[in-house]
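A short write-up of the structure that comes next.
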Amino acid sequence: MPTTQFIRKGQVIFREGTPSDFAFIIENGKFEVSRKKLSGKIEILDILDKNDIFGEMGIIDDHPRLATVRALEDGKVTLFGKEDFNNMFRKNPKALMPIIRTLTGRLRRYTKRERTLTR
25 MPTTQFIRKG QVIFREGTPS DFAFIIENGK FEVSRKKLSG KIEILDILDK NDIFGEMGII
85 DDHPRLATVR ALEDGKVTLF GKEDFNNMFR KNPKALMPII RTLTGRLRRY TKRERTLTR
């Protein structure tokens, strides 16, 4: 069953490389998504806020987290375990559309960013 969690500014929600056990929907607050480059430098991938979802990729493909997510301000998130996530989509397949749009948008942004960096 989905649960709500209050998050404090600066709190790390999860770290890159850790197991993917929950997806999160932001109720309020701002969250930074980052990863460590091979050089050791931290790269900020995205800033997320209300109604954004994160952590869904690992729930879908059972791979470890690809990034670290940290709260930029106090906030609140709803957590969905893998079973919750799957049940929601079995009962309401249309609920997948926002996630598909989110993933597609991220893929477009990251592809555009990669093209810019390789020029």
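This note's numbering puts the first residue of the sequence shown at 25, with every later residue one more than the last.
Think of the CB as a built atom: it goes at the ideal place given N, C-alpha and C, for glycine as much as any other residue.
Only a predicted model underlies this, so the values are computations on that prediction, with no experimental measurement involved.
Check                                                                                                                                                                               : Outcome
According to the neighbour-count rule (16 or more other Cβ atoms, all chains shown, within 10 Å of its Cβ), is isoleucine 83 buried or exposed?                                     : buried
Given that a residue counts as buried once 16 or more other Cβ atoms are within 10 Å of its Cβ, and exposed if not, what is threonine 92?                                           : buried
Would you mind giving the Cβ-Cβ distance between glutamate 80 and alanine 47, rounded to the nearest angstrom? I have them listed as a contact below 8 Å.                           : 4 Å
Can you confirm whether the segment 46-64 touches the segment 96-113 when touching is taken to mean that 3 or more C-beta pairs between the two stretches lie within less than 8 Å? : yes
Could you tell me whether any non-hydrogen atom of the ligand ATP is closer than 7 Å to the CB of lysine 65?                                                                        : Ligands are entirely absent from the displayed structure, and the ligand ATP is therefore not among its contents.
Which residue or residues does DSSP assign as beta-bridge partners of aspartate 108?                                                                                                : Beta-bridge pairing links aspartate 108 to no other residue.
I'd like the list of long-range same chain contacts for lysine 33, defined as Cβ closer than 6 Å, with 5 residues on each side in sequence excluded.                                : Ala95, Glu97, Asp98
Looking at the secondary structure, which residues open and close the alpha helix (DSSP H) in which glutamate 80 lies?                                                              : 80-85
Would you mind sorting serine 63 into buried or exposed? The rule is 16 or more other CB atoms within 10 Å of its CB.                                                               : exposed
Short of 8 Å in beta carbon distance, which residues of its chain neighbour arginine 133, apart from the five on each side in sequence? Order them along the chain.                 : Asp70
Going by beta-carbon coordinates alone, are glycine 129 and arginine 89 separated by less than 8 Å?                                                                                 : no
Kindly give me the distance between the Cβ atoms of threonine 126 and isoleucine 68, rounded to whole angstroms, as I take these residues to be in contact under 8 Å.               : Not confirmed; about 18 Å, so no contact.
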